[in-house]
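Rendered as structure tokens:
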């Protein structure tokens, strides 16, 4: 399980529990089924109208990704690239082909397979760049669906508010305060549900998916650079150091000092003042 997601869910539940338990008595006051149905069903309906069915179905499966702790495979890909580079520089094409059978990354396998097939470097890079652009466009479009739903949810919350207000105004002539209070609850809680759904569920999922895409793009660009250096037959040690620059995490690229601390500024030694010469005595 992804620890940051678990922490966020726990904090959200504590927040809502605090609102429900400490703000009102009884806590069931915040439960209003008509308002909840208006927000949930309206948001889903607008989502299905906005996007093709295949995209909506595919995106619902991506929700599981925010709960899964994905281990970075950058270190494994660097080791595979360096080993393949050693075999390639030594001219062991058969060894490269045998090792490719055990490489788990299909993007890496495709690039090296094109390389050993004597494909020109610019054609290999063009193909890999196209695959990177395709993944970027597809995954950002998937995250955008959640952002779109996050826009719809507060709007349907306002719709529930309008419905509740209309019903409340229609019953003002009655002496039953319970009926008026029920309609007022629908009016106010619908907006509450829409805001919570948008800002505590949909937008965080979109941000998590966008961050995952950024990490995957960094990894793919690292592999692309490694294959480019392999095609130029750069030394494996140079390839390894270059690839590690993609995944190294520096708090400051210009200083090794910890955050909040700074190195002492370089100072130059002050120039020595010229020695004072004794004043010449006036000529007699």
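In our numbering, the protein residues as written are 136 to 419.
All C-beta atoms, glycine included, are put in the ideal place defined by N, C-alpha and C.
Problem set entry | residue 331, DSSP secondary structure in three states | helix
Can you grab the Cα-Cα spacing for the pair residue 273 / residue 319, in whole Å? 43 Å
Less than 6 Å between C-beta atoms, sequence neighbours within five positions excluded: which residues of the same chain meet that for residue 354? 209
Roughly how many whole angstroms lie between the Cα atoms of residue 140 and residue 367? For residue 140 and residue 367, the distance between alpha carbons rounds to 43 Å.
Buried or exposed, going by whether 16 or more other CB atoms sit within 10 Å of the CB of residue 291? buried
What would DSSP say about residue 238, mapped onto helix, strand or coil? coil
Is residue 196 near the ligand ATP, with its Cβ less than 6 Å from a heavy atom? The model on display carries no ligand, and the ligand ATP is accordingly not part of it.
Nearest neighbour of residue 294, chosen from 269, 372, 324 [CA to CA] = 324
Problem set entry | 6 Å Cβ shell around residue 302 - same chain, five flanking residues per side excluded | 318
Which runs of the alpha helix (DSSP H) spanning at least 4 residues fall entirely within the stretch 140–196, listed in chain order?
Entirely contained in the stretch 140–196, the alpha helix (DSSP H) runs reaching 4 residues are, in chain order, 168–185.
Legend entry - Delimiting residues of the alpha helix (DSSP H) encompassing residue 282: 256–305
Practice task
With DSSP collapsed to three states, give me the class of residue 322.
Solution key: In the structure shown, residue 322 adopts helical secondary structure according to DSSP, grouped into three states.
Notebook entry, point to check: For residue 288 versus residue 178, is the C-beta distance shorter than 7 Å?
Noted result: yes
* To do: Excluding the 5 residues preceding and the 5 following residue 264 in the sequence, name in chain order all residues of the same chain whose CB lies nearer than 8 Å to its CB.
  => 359
Indicate the three-state DSSP secondary structure (helix, strand or coil) for residue 356 in the structure shown.
The three-state reading of DSSP puts residue 356 in helix, counting H, G and I together.
Margin query: Which of the three DSSP states is assigned to residue 379 in this structure?
Written below: Helix at residue 379.
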